[in-house]
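Step one of this worksheet: look at the structure below.
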Amino acid sequence: MSNDQFFQRTALPSGITVITERMTQVRSVAIGFWVGVGSRDETEPINGMSHFIEHLLFKGTKTRTAREISEAFDTLGGELNAFTAKEYTCYYSRLLDEHVSEGTEILADMIQNPKFAEDDINSERNVILEEINLHEDSPDERIHDLFATSLWTEHPLGKSILGHLETIKNVSRDDALGFYHQEYVPNNLIVAAAGNIDHNKMVELTRQHFNFAPGKKPARKEFTPRVEKKIDVFTKKTEQSHIVLGAEAIHAKDERRFTLSILDNILGGSMSSRLFQEIREKRGLAYSTYSYHSLYQDAGFIASYAGTAPENTEAVVKLIQEQLQDILNGGITDQELYRSKEHLKGQLVLGLESTGRRMTRLGKLAIIGGEILSLDELVERIEAVTKDGVTELAQQLFNPEKMVLTIIGPFELENLAHLVV
Numbered sequence: 001m002s003n004d005q006f007f008q009r010t011a012l013p014s015g016i017t018v019i020t021e022r023m024t025q026v027r028s029v030a031i032g033f034w035v036g037v038g039s040r041d042e043t044e045p046i047n048g049m050s051h052f053i054e055h056l057l058f059k060g061t062k063t064r065t066a067r068e069i070s071e072a073f074d075t076l077g078g079e080l081n082a083f084t085a086k087e088y089t090c091y092y093s094r095l096l097d098e099h100v101s102e103g104t105e106i107l108a109d110m111i112q113n114p115k116f117a118e119d120d121i122n123s124e125r126n127v128i129l130e131e132i133n134l135h136e137d138s139p140d141e142r143i144h145d146l147f148a149t150s151l152w153t154e155h156p157l158g159k160s161i162l163g164h165l166e167t168i169k170n171v172s173r174d175d176a177l178g179f180y181h182q183e184y185v186p187n188n189l190i191v192a193a194a195g196n197i198d199h200n201k202m203v204e205l206t207r208q209h210f211n212f213a214p215g216k217k218p219a220r221k222e223f224t225p226r227v228e229k230k231i232d233v234f235t236k237k238t239e240q241s242h243i244v245l246g247a248e249a250i251h252a253k254d255e256r257r258f259t260l261s262i263l264d265n266i267l268g269g270s271m272s273s274r275l276f277q278e279i280r281e282k283r284g285l286a287y288s289t290y291s292y293h294s295l296y297q298d299a300g301f302i303a304s305y306a307g308t309a310p311e312n313t314e315a316v317v318k319l320i321q322e323q324l325q326d327i328l329n330g331g332i333t334d335q336e337l338y339r340s341k342e343h344l345k346g347q348l349v350l351g352l353e354s355t356g357r358r359m360t361r362l363g364k365l366a367i368i369g370g371e372i373l374s375l376d377e378l379v380e381r382i383e384a385v386t387k388d389g390v391t392e393l394a395q396q397l398f399n400p401e402k403m404v405l406t407i408i409g410p411f412e413l414e415n416l417a418h419l420v421v
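So, in structure tokens, the structure goes:
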């Protein structure tokens with residue numbers, strides 16, 4: 001199946017890109033308005049601003065109150081939500097195909113005509129401060145932010161998406177307006193839709209409802225890889241220690257991203273993975289243990305997580321290191337490779353049965369300028385991964401001299417520093 005057979009893309013004169021995938025077997029449409037701005041685009045004094053603006057765009061427009069927006073989507077029988085990431089912010093809706101016009105108009109109004117009322121800013125400031133407090137009270141979530149900061153201390157990719165208490169407390173209306181006008185410009189917007197939608201209709205709706213002022217997104221700070229190993233210990237009285245051990249990886253457009261997915265899956269991406277079997281099933285040292293990877297326009301990482309009793313911290317770190325070393329030494333079996341490929345293919349097919357997942361895939365890839373592949377092409381890329389390829393990539397990534405270890409728990413750094421020697 002060629003790309004032209006399953007998705008269509010149109011670049012409007014305004015700079016906005018519209019990309020759609022038609023699914024005639026469904027009666028719904030998922031629409032996402034993707035703005036290419038996230039925490040990596042922020043300076044330290046306004047860290048958290050992308051997420052703050054996401055909240056503010058739900059507080060009403062020049063012609064609609066926040067309640068009227070909610071009531072409108074309820075009346076349409078639709079869903080409305082948003083999220084902020086490191087490189088983009090997405091405002092999305094899933095609704096019946098007969099209500100696409102109304103839903104698009106409301107979303108366009110929210111994105112183009114926010115009020116930024118002082119009262120709303122102060123109210124939402126308090127909401128976000130509570131969100132940050134909740135996050136900081138959840139060490140199994142916070143550890144991943146801390147790991148990214150440990151890995152990329154000198155680069156905006158290491159910044160928290162939520163921001164910090166002090167930065168959010170000090171955000172002003174002028175800060176919000178300035179950042180909004182800088183980033184919410186036509187050439188920084190992707191309109192993605194999947195479901196029972198005609199491409200030309202989506203193009204016309206976008207042309208009709210968007211009249212952004214011209215503007216150009218500023219260039220992002222160039223990414224510079226880090227090179228040295230590191231351990232950061234965040235002392236906190238917790239019942240468990242929370243461990244992340246990882247390293248820089250490839251970027252989102254690297255041809256080896258499918259090899260990385262296989263490597264991640266074998267290491268800790270499923271119940272049959274090495275970490276799950278060795279740490280949880282065989283030894284009972286953790287309830288939650290897994291690996292994961294995150295890829296960005298020009299950078300990425302792969303990491304392993306485990307939550308364990310403080311007295312088992314050293315043992316768990318060593319077990320993770322042993323699995324990494326075995327993979328480095330070519331220890332991946334044919335059975336592991338086959339099982340991982342089948343698992344990834346199954347998850348891929350199941351995910352693409354959802355209009356929301358298909359829309360998200362289109363939007364993400366369009367934002368980063370990535371290659372959009374058909375299901376058949378994706379399966380071919382997964383099948384093409386070899387055992388030698390996985391080992392070679394692991395040898396590049398899991399260099400002991402470049403590993404970063406981040407731990408939250410009732411420890412001091414000097415008690416654990418030897419774990420990265």
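For the sequence shown, the UniProt record's numbering begins at 1 and goes up steadily by one.
Ideal placement from N, C-alpha and C gives every residue a C-beta, glycine not left out.
query                                                                                                  : result
Continuous alpha helix (DSSP H) stretch holding Lys-115: start and end                                 : Unbroken run through Lys-115: none, as it is neither H nor E.
Nearest candidate by alpha-carbon position, reference Ile-121, set His-51, Trp-152 and Pro-156         : His-51
Alpha carbon of Asn-187 to alpha carbon of Tyr-292, nearest angstrom                                   : 31 Å
N-terminal and C-terminal residue of the alpha helix (DSSP H) that Gln-335 is part of                  : 334–351
Exposed unless 16 or more other CB atoms sit within 10 angstroms - verdict on Lys-159                  : buried
Cross-strand partners of Ile-262 (DSSP beta bridge)                                                    : None; Ile-262 has no bridge partner.
Rounded separation between Gly-409 and His-135 - CA only                                               : 16 Å
For Ala-213, the three-state DSSP class (helix, strand or coil)                                        : coil
Per-residue DSSP class, three states only, for Met-1                                                   : Here Met-1 scores only 36 on pLDDT, less than 50, and its place in the model should not be relied on; the value that follows carries that caveat. Coil, per DSSP.
Spatial distance of Leu-260 from Lys-345 (CA atoms)                                                    : 14 Å
Alpha-carbon to alpha-carbon, Leu-205 and Ile-243                                                      : 48 Å
Minimum C-alpha distance to Glu-166 - residue among Thr-20, Met-271 and Gly-48                         : Gly-48
Spatially closest choice to Gln-8 from Thr-75, Ser-273, Arg-274 and Asn-200, by CA coordinates         : Asn-200
Where the beta strand (DSSP E) through Asp-376 begins and ends                                         : Asp-376 -> not in any beta strand (DSSP E); alpha helix (DSSP H) instead, spanning 375–383.
The region 141–151 in contact with the region 30–39 per 3-pair CB rule at 8 Å                          : no
Local Cβ density within 10 Å of His-181, reported as buried at 16 or more and exposed below that       : exposed
Opening and closing residue of the alpha helix (DSSP H) in which Glu-141 lies                          : 139–151
C-alpha distance - Ile-332 paired with Lys-387, whole-angstrom precision                               : 7 Å
is_contact[Ala-148, chain D] using C-beta, thresh 8 Å                                                  : Absence of chain D from the displayed structure is noted, only one protein chain being present.
Bounding residues of the beta strand (DSSP E) (the contiguous stretch that carries Tyr-305)            : 300–308
Own chain, CB closer than 6 Å to Asp-109, minus 5 neighbours either side, in chain order               : Thr-61
Distance CB(Ala-82)-CB(Tyr-91) smaller than 8 Å                                                        : yes
Segment contact flag, the region 248–260 with the region 293–305, C-beta cutoff 8 Å, min 3 pairs       : yes
Extent of the continuous alpha helix (DSSP H) run through Asn-170                                      : 165–170
DSSP-derived helix/strand/coil call for Gly-356                                                        : helix
Candidates Arg-357, Ser-304 and Glu-255, of which the one nearest Gly-269 by Cα                        : Ser-304
For Lys-230, the residue or residues it bridges with in DSSP                                           : Val-404
Simplified DSSP state of Gln-8, which is helix, strand or coil                                         : strand
Residue closest to Ala-394, alpha-carbon to alpha-carbon, out of Glu-380, Ile-327, Ile-368 and Ile-407 : Ile-327
Three-pair Cβ contact test at 8 Å for the region 315–325 versus the region 265–280                     : yes
His-155, DSSP secondary structure in three states                                                      : coil
The alpha helix (DSSP H) enclosing residue 422, as first and last residue numbers                      : The structure shown has nothing for residue 422, since the chain only spans 1 to 421.
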